[in-house]
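A.B. asks: Going by my numbering, the sequence shown opens with residue 353, and the numbers climb by one from there.
Beta carbons are placed, not taken as given, at the ideal position from N, Cα and C, and that holds for glycine.
Structure below; questions to follow.
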Amino acid sequence: MLPVEVLEASAKALLDFQGKGFGIAECSHRGKEFDGVLDEATQRCRKLLDIPESHDVLFLQGGATQLFSTIPMNFLSGPADYVVSGEWSKKATDAAKGAHGDKIRVIATSEATHFDRPPAGWTADPAAAYLHVCSNETVHGHRLAEWPGHPNLVVDASSEMMSRPHPVARTAIIYAGAQKNLGVAGTVLVIVRKELYDRIPKGVPKIFNFKALAEAKSCLNTPPTFGVYMLLETFRWMEQQGGLGAIEKRNAEKASLLYGAIDGSGGFYTGTVGDRSARSHMNVTFRLPSEELTDKLVKEAAGQGMVALKGYRTVGGIRASIYNAMPVEGCQALAELMKGFARANG
């Protein structure tokens with residue numbers, strides 16, 4: 353889901369960029385028009401996240417999944433620690449292990465409890481090449497309320513990027529697929545601490561080399577120009593909302609409406625996250641007493657214009673994704689439907 357203002361502005365620019373008679377997707381990625389877009393997107397991203405000069409901002413392709421492989425390819429100077437908290441952190445770990453074997457250490461996992469919470473009670477090795485975590489597990493509906501500390505913290509923030517302020521200055525790498533909060537699929541935002549470039553082995557292909565990509569301003573090859581433009585419009589919209597602090601407050605209000613409907617249902621709805629303090633503010637997951645009732649709720653919701661509520665294919669249940677662009681009114685409508693449905697079917 354994207355803000356209407358972003359969609360309208362992007363649609364206009366796709367047809368006619370700044371009254372020039374051609375669209376932004378028709379611009380050369382080496383021309384002054386796109387160069388201006390890239391510079392402004394970078395500047396606004398830095399402002400929103402308070403990114404220090406010690407870090408580069410990259411707009412890449414290949415999806416966040418590609419970074420599961422390219423991050424260790426570039427920066428695995430020794431053993432690295434991984435925390436496995438759900439579907440996506442497990443995939444990141446498996447991808448790294450497939451290429452680097454014993455250098456990848458799983459120091460904590462909640463797989464034994466079906467990923468119903470982030471793992472607790474673990475300690476990473478401060479001497480590890482890096483510590484990798486996923487800050488919000490979309491499938492299982494939980495998040496890291498506070499990002500952990502580590503000298504080289506790597507965070508897959510795909511499903512919560514810019515949903516709240518992030519501690520960029522104390523991270524080594526933050527990466528996020530754009531298709532949750534930032535824009536359209538096909539673009540990845542990466543924030544990387546420059547001092548890490550000294551680790552990159554000489555044999556890393558240039559197209560996967562973070563230093564080479566940074567030196568080329570994300571234009572080593574043709575970047576996703578329209579995708580980057582949509583990021584720019586989203587950054588403008590975020591500023592108009594009051595910045596990430598205001599967005600965080602609104603997201604908390606939205607999540608509270610749905611968790612209130614779950615917790616106040618007398619057990620009709622069951623939240624899937626065992627640790628309530630770790631409940632996601634982006635993906636609200638819960639179950640009904642039966643699959644028949646689940647399907648019935650999904651159908652009734654669709655009849656009222658509320659769609660895409662089916663849980664991830666591997667876990668089932670309900671997943672209400674309430675990313676930044678979802679208005680408070682949308683969560684109010686779903687909460688009221690849930691309350692009425694529970695009364696009628698409980």
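Return the bridge partner residues of Y527 from the DSSP annotation.
C.D. replies: Note: Y527 sits in a beta bridge opposite D508, V542.
A.B. asks: Using DSSP with H/G/I as helix, E/B as strand and the rest coil, what is I674?
C.D. replies: Correct three-state label for I674: coil.
A.B. asks: Would you say the region 509-529 touches the region 590-607, given that touching needs at least three Cβ pairs under 8 Å?
C.D. replies: They touch, by the three-pair rule.
A.B. asks: Report yes if the C-beta distance between L496 and M513 is below 8 Å; otherwise report no.
C.D. replies: Contact flag unset, no.
A.B. asks: What's the C-alpha gap between K625 and V485?
C.D. replies: First, the residue type needs correcting, since residue 625 is Val and not Lys in the sequence shown. Roughly 18 Å between the two C-alpha positions.
A.B. asks: H494 and R631 look like a contact to me (Cβ under 8 Å); what is the Cβ gap, rounded to whole Å?
C.D. replies: That pair is a contact at about 6 Å.
A.B. asks: In whole angstroms, what separates the C-alpha of E644 from that of Y434?
C.D. replies: Cα to Cα, the separation comes out at about 38 Å.
A.B. asks: Return the CA-CA distance between F427 and T417, expressed in angstroms with no decimal places.
C.D. replies: Each residue's alpha carbon lies about 16 Å from the other.
A.B. asks: State yes or no: is the C-beta of T422 nearer than 7 Å to some heavy atom of the ligand MN?
C.D. replies: Absent from the structure shown: the ligand MN. Ligands present: none.
A.B. asks: Report yes if the CB atom of M690 is closer than 8 Å to the CB atom of Y621, and no otherwise.
C.D. replies: Cβ distance < 8 Å, so M690 and Y621 count as in contact.
A.B. asks: Output the boundary residues of the beta strand (DSSP E) element that contains N635.
C.D. replies: Per DSSP, N635 belongs to the beta strand (DSSP E) from 635-639.
A.B. asks: Give every residue of the same chain whose Cβ lies closer than 7 Å to the Cβ of F420, excluding the five residues on either side of it in the sequence, and list them in chain order.
C.D. replies: If we look at F420 and ignore the five residues flanking it on each side, its Cβ neighbours are K443, A444, A447, A448.
A.B. asks: Would you call E463 buried or exposed, if buried means 16 or more other Cβ atoms sit within 10 Å of its Cβ?
C.D. replies: Looking at its Cβ environment, which holds fewer than 16 other Cβ atoms inside 10 Å, E463 is exposed.
A.B. asks: For A687, collect the residues of the same chain with a Cβ closer than 8 Å to its Cβ; drop the 5 residues on either side in sequence, then sort them by chain order.
C.D. replies: Counting only Cβ-Cβ distances below 8 Å, and skipping sequence neighbours, we find L609, L610, G612, A613.
A.B. asks: Determine whether the beta carbon atoms of G579 and G415 lie at a separation below 8 Å.
C.D. replies: No.
A.B. asks: So the beta strand (DSSP E) C486 belongs to, where does it begin and stop?
C.D. replies: 483-486 is the extent of the beta strand (DSSP E) around C486.
A.B. asks: Can you tell me where the alpha helix (DSSP H) holding I423 begins and where it ends?
C.D. replies: 415-427 is the span of the alpha helix (DSSP H), which, as asked, contains I423.
A.B. asks: In the region 612-666, which residue ranges form an unbroken alpha helix (DSSP H) of at least 4 residues, counting only runs that do not cross its ends?
C.D. replies: For the region 612-666, whole alpha helix (DSSP H) runs of length 4 or above, ordered along the chain, are 643-655.
A.B. asks: In angstroms with no decimal places, state the Cα-to-Cα distance between E681 and A654.
C.D. replies: If you take the alpha carbons of E681 and A654, they lie about 16 Å apart.
A.B. asks: Answer yes or no: do Q656 and A685 have a C-beta to C-beta separation smaller than 8 Å?
C.D. replies: It is a contact, given that the beta carbons lie within the stated cut-off.
A.B. asks: Would the beta-carbon of M658 fall within 8 Å of that of S362?
C.D. replies: Going by C-beta atoms, M658 is not nearer than 8 Å to S362.
A.B. asks: If the criterion is Cβ atoms closer than 8 Å, does the pair A604 and H633 meet it?
C.D. replies: A contact, by the Cβ cut-off of 8 Å.
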